[in-house]
Each structure stands twice: as structure tokens, then as C-alpha cells.
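Each remark here refers to the structure printed beneath this line.
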Amino acid sequence: MTQAWAPSERELERRVARRRLRLRSVAIATVVTMVAFVGLGLVLVTSPGWPRVRETFFDGFHTRASFPDIADAFWLNVKMFLIAEPLILVLGLAIAVARGARSPWLVPVRLLAVGYTDIIRGIPTILLVLLFGFGMPSLRLQGVPNSPFFWATAALVVSYSAYVAEVFRSGIDSIHPSQIASAEALGLGHGQALRFVVVPQAIRRVVPPLLNDFVSLQKDTALASTVGVFEAVFVARDYGNYYFNYTPYVVVALFFVALTIPLARFTDWLQRRYMERERAGAL
């Protein structure tokens, strides 16, 4: 009967030493962090202008008064984000695939995809929102909504699809050509190899950078306020202009932070998971 493995005394000593060093590192990091933040807080609250800043940006009365309206309006930002995100994914992937087309029949499509990404990425998103929000309704297109919400969302889709297309294209280009050659050797056409072999692998590789783009997208929904959409920033600005107090801006910022931080941490977790899987596959 085989004896169960047990760590040696030397290994147990090493584990104790590693645990001690880890606890020491955590303690030092905690103390340094607390000292840094306490020092920063003291510098802030002891500055000559702090009473005025606290009254203007951190007033408790205006926080409670503006919170309900901002909370209701923030759902419009979330709605815009949820509508735009899947449309951006579909359009961005289509542009990336079109840009990688090699058939001579698809040269116009490839040139259109290249021009789209180059031009749209060169225009600031806020300009696209203004152009779409004020310019498109003037065309009086039949069967197309003229609401600022619709065109602000469309502007975000157009802007971010150009960036997402490049993310997808980088993922597609990262797949080794041998993958396509192997798929074609098994009888798959180029389109089938792209659909069943290349694109699924590319999407898995670009999920973390895509999530980073969507963190930015959630923040950029605030640009809809420039064309009169009654979202959270518009409500905060309206309240601030009426009461001459900017506390609602801080309230809106906290709403965005509460939404973007979990997305950022989820992105970090996915990146670590992908790196661990890559290391495991390399062994």
C-alpha cells in the first residue's frame, strides 16, 4: 500500500516564510495607501478654498434633491448603451471581415470599409453626435425617427463601430495562416474557414479590449446631452443652471463610476484568465 504524500519539514518552513512575506507586503501596502489618502484628504480639506468647493460641489441638500431625477434620467443612458452595444458588435465585425476580403470582386467593399474606418476614427465623437443630432432630422427622411435619442444613438454606433472593427481586424490577423490552410485542406471554403475557424478564435482573443471600448461607450452616452436628450448629464446641467450649484455633476459622476468600475474589473479578470489559458497551452 502506497503511503500518501506529505510535504517535508523544509517545505512547510518555506510555506510559512512565504506566508509571512505575503502578510508583510499586504501590511506595508495597506499602511502606505492609508497614509497617502489621508494626506491627500488633509491637503484638500485644509486648503483655503475648500469651504466654497464643498458648498458648490458636495452639498448634501442638493445631492438629495437632484438624486431622484438623475437616477431616472440615467436609465436613458443605460438604455442607449444597451441598444448601441449589439449594433456596434455586428457592424464592427462586418466591417472587419469586409476589410479582410481578398476577392477581386469585393475590392469596392474593401475600399469602402477602409475609408469608413479612416474617416470615422478621424472625427471626434462629439462632432458626430452634433452632426447626426442636428443634421439628419433636417433631411426629413421618410420612415426614420427624428428624435434626438435615435440620432445620438446612431452617432455612437457609427463612431464606435469604426474602432471596434479595428479591434476585430487585429484579432483576425492574429490567427496564424496555418489555421486557414488546415481548414481548406479539410474541404472548407475560404468563407467557411473564416466563419467556423478564424472568427470564433479571434473573438475570444479580443473580448478584453472590446470591453474596454464598451466602458468608454457607457461614458460617451453623456454626449447625447449636447443635442437635447434628457439623460443624466442634461438633467444635472439643468439643475445646476437653475440653482447655481454643481453638486448634481458629482452625483452623475458617481452613477457612471458605479457602472464602469464593475465592467473594468470584469475586463481585468478576463485578461488574467486569457493569459493563464495561453500559458497553460504553451506548456
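Numbers in this note's numbering are just positions in the sequence shown, counted from 1, shifted up by 1.
A virtual CB, placed ideally from N, CA and C, is assigned to each residue, including glycine.
- Task: In the DSSP assignment, find the alpha helix (DSSP H) that holds Thr31 and state where it starts and stops.
- Result: 10-46
Is Ala225 near Val253, with beta carbons less than 7 Å apart?
no
Are there 16 or more other CB atoms within 10 angstroms of the CB of Ala259, so buried, or fewer, so exposed?
exposed
Note to self: Please return the same chain residues whose Cβ sits closer than 7 Å to the Cβ of Asp221, not counting the five positions on each side in sequence.
What the structure shows: Thr126, Leu157
*asked:* I'd like the list of long-range same chain contacts for Thr64, defined as Cβ closer than 7 Å, with 5 residues on each side in sequence excluded.
replied: Thr248, Val252
Notebook entry, point to check: When DSSP labels each residue in this structure, what does Phe231 get in the three-state scheme?
Noted result: coil
Let me see if you follow: with CB-CB separation under 7 Å, is Met35 close to chain D or not? Within the model displayed, chain D is absent; a lone protein chain is all it includes.
By the 10 Å Cβ neighbour count, where 16 or more other Cβ atoms means buried, how is Trp152 classified, buried or exposed?
-> buried
(message) Would the stretch 263-273 count as touching the stretch 118-132 if we require 3 or more Cβ pairs under 8 Å?
(response) no
Item checked: Rounded straight-line distance, which links the Cα of Ala114 to that of Arg100 -> 5 Å
Notebook entry, point to check: What is the rounded straight-line gap between the Cα of Leu131 and the Cα of Arg274?
Noted result: 40 Å
Rounded separation between Gly40 and Ile29 - CA only
16 Å
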